[in-house]
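In the UniProt record's numbering, the protein residues as written are 1 to 516.
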């Protein structure tokens with residue numbers, strides 16, 4: 001799969017679903033019954049005014065009979081010979097779902113559509129329980145279930161039915177809340193483990209325009225070798241336009257068996273309205289290995305003439321192994337006598353939020369606040385360390401730019417606001433949303449934005465970003481393209497203007513006698 005790290009800012013690893021066991025059961029004990037009736041299902045008509053609604057009934061010990069449900073579902077039908085019903089029970093221990101819910105809906109005659117009908121109810125229930133906006137973008141979410149079920153009923157294929165779910169989710173106004181198919185989810189899980197077959201692009205939806213844009217390329221990947229840059233807009237894949245296509249669907253088109261190829265068309269602009277260009281390139285698919293950490297030691301001469309060692313650590317993604325690999329790297333560099341550090345988060349689009357917090361703990365002591373979360377009711381909850389012990393207290397500079405998003409911004413904010421690091425570079429991307437991921441009963445997965453986050457100093461990052469303490473010039477703002485081994489890589493790092501600024505800031509910290 002193509003890594004879509006801005007889209008897997010998750011509370012937990014994708015291998016640990018949050019609600020799947022609670023939401024996939026059928027016909028459990030019912031203490032409250034919700035029924036959705038669809039009198040105009042057979043031929044949905046806006047003028048029909050069915051007045052169907054999702055309603056709550058008082059708790060009862062008597063189970064609804066199949067006859068009662070069929071009667072409510074077939075009321076108003078004309079020429080509908082045989083009505084059938086299905087029950088999907090949505091259960092949770094959350095206060096929002098303090099009691100079991102039962103949704104009755106007409107069974108599609110197409111088995112694959114019927115399966116997606118159950119998925120629809122699961123997705124609707126999860127959104128109702130956890131979505132960050134309790135107004136659901138100022139709409140009646142119960143009515144939205146009814147409308148979507150009506151639209152889905154006559155369909156013949158699962159793909160078309162999934163399209164209706166995606167349409168329902170799009171009305172929430174949040175491009176990061178979405179559903180992916182079972183096949184896409186399996187690819188996603190493989191990608192989050194650090195290996196995939198594709199072209200090596202990090203892509204996301206730009207919230208303001210809705211366009212698919214490149215956040216960064218995996219170093220040495222086919223996309224990087226072809227000269228694709230962060231900020232490029234994807235227009236077509238294999239001749240198919242991407243208008244209205246979400247990032248996961250686009251990534252699915254880019255992925256494929258190693259040895260095959262894919263043709264992409266991109267738009268590159270200079271931001272001033274002139275000098276833009278269209279580029280089409282054929283990319284070979286390869287096995288992409290996403291090693292989250294690369295590092296080297298940079299020899300540095302201080303203003304007073306002393307030769308010191310600066311540890312350069314680039315964190316490319318917050319995959320499941322990133323925190324462990326970071327610890328190992330710091331231990332190795334401490335043994336080599338490193339006296340200061342540069343942590344490079346440029347073009348790191350995010351990943352698993354928990355991993356980002358674990359990486360922050362490597363650099364911090366005590367009971368510091370790492371991040372504040374704000375839930376759908378506006379309640380703020382700090383996430384604090386518990387008697388933490390940093391692996392090193394050497395001076396630290398963190399590099400960021402426009403491609404640093406989400407978990408990168410959480411980490412940068414934690415280190416900066418707690419006085420541990422100076423930020424150097426350019427303003428970050430500005431994605432301040434946290435998502436959960438749930439594997440649904442059919443193997444698909446639902447991504448839901450469940451909270452937003454504020455930095456420890458209560459700065460709102462979403463669509464704003466983090467402005468660094470010190471800007472660096474535009475030369476070589478992108479991450480070094482060479483691998484970080486050998487003299488050539490050190491030379492390329494020393495020529496990076498942001499590295500030069502970072503080393504200057506480290507000199508200032510040392511002259512003040514502060515290990516930030």
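Yeah, the Cβ is synthetic: ideal placement off N, Cα and C, and Gly gets one too.
Predicted, not measured: the structure shown is a model, and the values here were computed from it.
Under 8 Å by Cβ, that's how I've got residue i and residue j pegged, so tell me the actual separation to the nearest angstrom.
i, j, result
"residue 461", "residue 447", "Incorrect: roughly 19 Å between the Cβ atoms, too far for contact."
"residue 428", "residue 455", "Not quite, the Cβ-Cβ distance comes to about 11 Å (not below 8 Å), so this is no contact."
"residue 330", "residue 392", "6 Å"
"residue 347", "residue 315", "10 Å between Cβ atoms; not a contact."
"residue 149", "residue 105", "5 Å"
"residue 222", "residue 284", "5 Å"
"residue 337", "residue 411", "About 25 Å separates the two Cβ atoms, so there is no contact after all."
"residue 445", "residue 162", "Rounded, the Cβ-Cβ distance is 12 Å, inconsistent with contact."
"residue 247", "residue 205", "5 Å"
"residue 196", "residue 288", "5 Å"
"residue 450", "residue 466", "Not quite, the Cβ-Cβ distance comes to about 22 Å (not below 8 Å), so this is no contact."
"residue 521", "residue 506", "Outside the shown range of the chain, which is 1 to 516, sits residue 521, and nothing can be said about it."
"residue 405", "residue 431", "5 Å"
"residue 518", "residue 459", "Summary: the structure shown does not reach residue 518, with the chain confined to residues 1 through 516, and so no result is reported for it."
"residue 384", "residue 373", "Their Cβ separation, rounded to whole angstroms, is 12 Å, which puts residue 384 and residue 373 out of contact at 8 Å."
"residue 290", "residue 218", "7 Å"
If I follow the unbroken alpha helix (DSSP H) through residue i, where does it start and stop?
i, result
"residue 331", "322-335"
"residue 167", "158-170"
"residue 247", "247-254"
"residue 508", "497-512"
"residue 145", "141-152"
Locate the beta strand (DSSP E) running through residue i, then write down its first and last residues.
i, result
"residue 402", "Run containing residue 402: none; DSSP gives neither H nor E here."
"residue 300", "293-301"
"residue 381", "380-384"
"residue 315", "307-315"
"residue 361", "Run containing residue 361: none in the beta strand (DSSP E); it sits in the alpha helix (DSSP H), 353-363."
"residue 421", "Segment: none, residue 421 is in no beta strand (DSSP E) and carries neither H nor E."
"residue 128", "First-last for residue 128: 111-130, but that is the alpha helix (DSSP H), not the beta strand (DSSP E)."
"residue 175", "Looking at the DSSP string, residue 175 is not in any beta strand (DSSP E), and its letter there is neither H nor E."
"residue 372", "369-374"
"residue 267", "261-268"
"residue 284", "277-284"
"residue 345", "Residue 345 -> no beta strand (DSSP E), and no H or E assigned at all."
Give the straight-line distance between the Cα atoms of residue i and residue j, rounded to the nearest whole angstrom.
i, j, result
"residue 307", "residue 189", "45 Å"
"residue 350", "residue 165", "26 Å"
"residue 324", "residue 261", "34 Å"
"residue 371", "residue 155", "45 Å"
"residue 500", "residue 312", "12 Å"
"residue 170", "residue 203", "19 Å"
"residue 241", "residue 464", "30 Å"
"residue 386", "residue 225", "44 Å"
"residue 280", "residue 234", "10 Å"
"residue 317", "residue 157", "37 Å"
"residue 305", "residue 496", "21 Å"
"residue 440", "residue 178", "13 Å"
"residue 511", "residue 300", "15 Å"
"residue 60", "residue 125", "For residue 60, the predicted model reports a pLDDT of 40, less than 50, meaning its position is unreliable; a value from the coordinates is still stated below. Residue 60 and residue 125: Cα-Cα distance of roughly 22 Å."
"residue 265", "residue 452", "34 Å"
"residue 147", "residue 375", "28 Å"
"residue 321", "residue 256", "24 Å"
"residue 26", "residue 118", "The predicted position of residue 26 is uncertain, since its pLDDT is 30 and thus under 50; a value taken from the coordinates is nonetheless stated next. Approximately 10 Å between the Cα atoms of the pair."
"residue 120", "residue 107", "13 Å"
"residue 485", "residue 295", "Caution is warranted here: a pLDDT of 40 is assigned to residue 485, below 50, making its placement in the model unreliable, and no coordinate value can be reported."
"residue 353", "residue 502", "26 Å"
"residue 249", "residue 395", "43 Å"
"residue 333", "residue 253", "41 Å"
"residue 469", "residue 134", "36 Å"
"residue 238", "residue 472", "38 Å"
"residue 123", "residue 183", "17 Å"
"residue 172", "residue 180", "16 Å"
"residue 443", "residue 303", "59 Å"
"residue 45", "residue 140", "Caution is warranted here: a pLDDT of 32 is assigned to residue 45, below 50, making its placement in the model unreliable, and no coordinate value can be reported."
"residue 379", "residue 358", "24 Å"
Subject >> Uninterrupted beta strand (DSSP E) stretches inside the stretch 191-243 (no shorter than 3 residues) >> reply: 195-198, 201-205, 212-217, 233-237
Original post:
Per the contact definition of three or more C-beta pairs closer than 8 Å, is the stretch 339-355 in contact with the stretch 411-426?
Top reply: Short answer: they touch.
Original post:
Would you call the stretch 104-114 and the stretch 128-141 in contact, with 3 or more CB pairs under 8 Å?
Top reply: no
Original post:
Touch check for the stretch 205-218 and the stretch 228-243: three-plus C-beta pairs under 8 Å?
Top reply: yes
**OP:** Could you tell me whether the stretch 358-373 touches the stretch 412-420, using the rule of 3 or more Cβ pairs below 8 Å?
**Re:** yes
Subject >> Complete beta strand (DSSP E) runs within the stretch 423-478 (minimum length 3 residues, chain order) >> reply: 433-439, 445-454
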